[in-house]
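Here the structure is laid out as structure tokens; the discussion comes afterwards.
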Amino acid sequence: MSNNVYTHEAYEILYESGSISYVSQTTPSSVKTECEIIVPAKYVVPIIFIPGIMGSNIKETAEDREVWYPKVSLSTIIEYSKRDAKERQIALNPKTTEVGFDGEVKLSKKLIPHITKEIALARGWGSVINLGYANVLIYLESHLNRAFKKLKDQQKDQFKGTAEWEKIVKPGNETTEKILNNWSSAKVIELLSLEQHETLADYEFPVFACGYNWLESNMQSADKIADRLNHEVLKQVKKEFPTSEFKKFIIVSHSMGGLVTRALIQNDKVKDKIAGVVHGAMPATGAPAVYQRLTVGWDGWKASTGLLNSLKAWITKFMFGDTSERLTATLASAPGGLELLPFTNYVNAKDFPKNPKAWIFIKAKTPNGEITASLPRTANTYTEIYQRKDSWWAMMNPDFIDPAQLMKQEANERGYESAFDVYVKNIEIVRELHKHIMDTYHTNTYANYGADESFKAFGQVVWRCKEELNISSEQELIELMDLYGKQEHIEFPNIQDRSSVKVEDQGNLQEDDADLIIEGSKTHNLHNNAYKKDGVRQVLLDEKFKISKTNKATFYLDLKPTSKGDGTVCYQSGEDVRTNEQALKGTFIINGYEHASSFDNADVQLNTLYCIANIVDIIHKASLAEACESKTESK
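Quick note: to get this note's numbering, add 11 to the position in the sequence shown (first position is 1).
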């Protein structure tokens, strides 16, 4: 190709009767021009991106009204923060909502000029939160489908791939060693061979997003995604690539999307059509942060590192539910969110070898030193912790679960005694999902997670008693109320809406203002500012036992996380993929990001590209083996 030749791309591509043609423009013979075309690949492997919790747009089914389309704008923040507990329960009801596929989409004429808004929406990009996932969708679409330089930019005896691919294809470049160190692989990393890279030219990789109703059980979401893959996605693939042969899907998941994916790979409708999986930032065995937030409210800003992350987390806390009352109203009736609770195989052995499954700790000073009790103590966290309401450390506040009386109505319809029984049923749904996906991964799975000292997460939650207690055992500390309390049962106070307290008065509130009186099935609070006492539990003790000088025990929940992680998912949960290392193709610890924006991280993006290429190599080799076997049989 001469440097004096003008090169342009085809102006139009025509498909007709299984053939393809290109429209160019003629020029005088004196003007040297060439038309560079991209020949459709032989095969097509759709990349399916499944987001995390709260990462999909949700709308009310009956009225087609947006109820969860979060955007970082003042109007959106004000709108979401105004929702009280009752309004949140009504708006975010899993039984009356569905995925919204008409959300904002971000495009890039420079990186993905072939993707129009119409195509992006048809591929489901409007079903996921634009702020959190637009960049990774564009990145994958661009680099998977433009893995090679244009012909005019290719030089003889030089790597024909783009700069991004040069980093991970042998022999690599000056940045490769640093990148591989950042990936912290459990196994020796083999760079892609030139042959593996060249194989990509035989494939189209259309990137799809599959949002889901994260309020529903992840099992339900997996089933609905299976239907979508078999119908809408394959239909769109055929429309865009009529001459290419569909091979299989590759799934890329973020956070809770990993739990959906692990249910999806077992779904009979689609399991044989999935070639492999790349998990990112997955809470593989659940997250103690769910207990923490149900007790305190969405407190991510208190755990964030750095001014920017703290600001973003402070904004989102009002959107998600800044108090226990507001957040509980949403999650109590949402199995999807509850399924993020720690599984029974959650392991905390490095931090607490005495009880490796423990993730709740209760600490109290005694005349003979500090006592630390730990939970769970049994193999059934569902009844021991999640369904419990008669212990001071119980996770779920019965007074907060049903402000709109929706669960009470369901209880009446089902013949249950109370709304709490409906919540108990939801925990049974959680148990079934956990049992179904525990220790289950696709044969061709790659995974990355964070274990960063700069982005601490809750690997455990800790209650600390303010008073010195005259007790001598862990069991006494756990059963303090039943053994020494004035009453046999506990329920928690109805917390007043913070909007009724003047801002100037809030700074005058002291920790000692947490005088919460427990009396049988009734609840009282001495102060109108009791709302500030999220994360505080107080047990009134019978004077005759002389357990404390004040005859009360006031427990405060630690607000700062202590485990390495990504700010949300702790390393204890993330590293389950390494516990199952033999079943996985590769696992990577990649640091330097906050959980929600993990796929904006350059190392995570490139690692995902690398993992997808390895899965494609598996597909390609399997196809060659099948072709060889077919030839042998024909002879």
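Every residue gets a Cβ at the ideal spot worked out from N, C-alpha and C, and that includes glycine.
- When E98, Y54 and M406 are compared, the shortest CA-CA separation from F252 is found for Y54.
- With a cut-off of 8 angstroms on Cβ pairs, the segment 298-306 is not in contact with the segment 477-484, counting fewer than three such pairs.
- With respect to the 9 angstroms criterion, S402 and E490 are classified as neighbours on the basis of their beta carbons.
- The three-state reading of DSSP puts C476 in strand, counting E and B together.
- Shown here, S264 sits in a strand according to DSSP, grouped into three states.
- Per DSSP, the continuous alpha helix (DSSP H) segment holding A131 begins and ends at K128 to A133.
- 9 angstroms or more divides the Cβ of H242 from the Cβ of Y144.
- With contacts defined by Cβ atoms closer than 9 angstroms, E350 and I440 form a contacting pair.
- Within 10 angstroms of the beta-carbon of V289 lie 16 or more other beta-carbons, which makes it buried.
- Contact annotation, V180 with H208: C-beta distance approximately 5 angstroms; criterion of less than 8 angstroms satisfied.
- W474 is positioned such that its CB atom lies no closer than 9 angstroms to that of I558.
- Annotated as proximal: W176 and L203, with beta-carbon spacing under 9 angstroms.
- Per DSSP, S40 lies in no alpha helix (DSSP H) and is assigned neither H nor E.
- Counting along the chain, W404 sits inside no beta strand (DSSP E), nor does DSSP assign it H or E at all.
- Straight-line spacing of the CA atoms in K43 and F216 works out to 33 angstroms.
- With 16 or more other CB atoms across the displayed protein chains lying within 10 angstroms of its CB, C622 is buried.
- By DSSP's assignment, T383 forms a beta bridge with K374.
- Relative to V263, the option among S255, I438, I276 and M406 whose CA is nearest is I276.
- Taking C-beta separations shorter than 7 angstroms and ignoring five residues to either side along the sequence, the partners of L494 in its chain run E487, following chain order.
- A468: member of the beta strand (DSSP E) spanning D463 to A468, first to last residue.
- Cβ contact annotation for P378 (same chain, cutoff 8 angstroms, sequence separation greater than five): E479 and N481, in chain order.
- When DSSP states are grouped into helix, strand and coil, V307 belongs to the helix group.
- For V116, the CB contacts under 8 angstroms within the same chain, skipping 5 residues up- and downstream, are K128, A131, L132, W136, G137, N141 and A145 in chain order.
- According to DSSP, residue pairing for Q549 in a beta bridge involves T565.
- DSSP places E71 in the uninterrupted beta strand (DSSP E) bounded by I69 to E71.
- Comparing alpha-carbon positions, the option among T38, H606, S634 and F599 lying closest to V199 turns out to be F599.
- With contacts defined as CB atoms closer than 9 angstroms, Y452 and L595 qualify as a contacting pair.
- Its Cα nearest to that of Y91, the residue M330 stands out among D463, M330, D611 and D614.
- Of the other Cβ atoms in all chains shown, 16 or more fall within 10 Å of the Cβ of R273; this residue is therefore buried.
- For N459, the beta-bridge partners assigned by DSSP are G291 and F599.
- Within the same chain, Cβ atoms closer than 6 angstroms to the Cβ of Y567 are found at R475 and V547, the five residues on either side in sequence being excluded.
- With three or more CB-CB distances shorter than 8 angstroms, the segment 576-588 counts as touching the segment 458-466.
- Taking C-beta atoms as the reference points, T383 and E485 count as a pair closer than 9 angstroms.
- Judged by beta-carbon spacing, S86 lies beyond the 9 angstroms limit of N602, meaning their Cβ atoms are not closer than that value.
- At the C-beta level, I61 and I190 stay beyond 9 angstroms of one another.
- The beta-bridge partner set that DSSP reports for C581 consists of G576.
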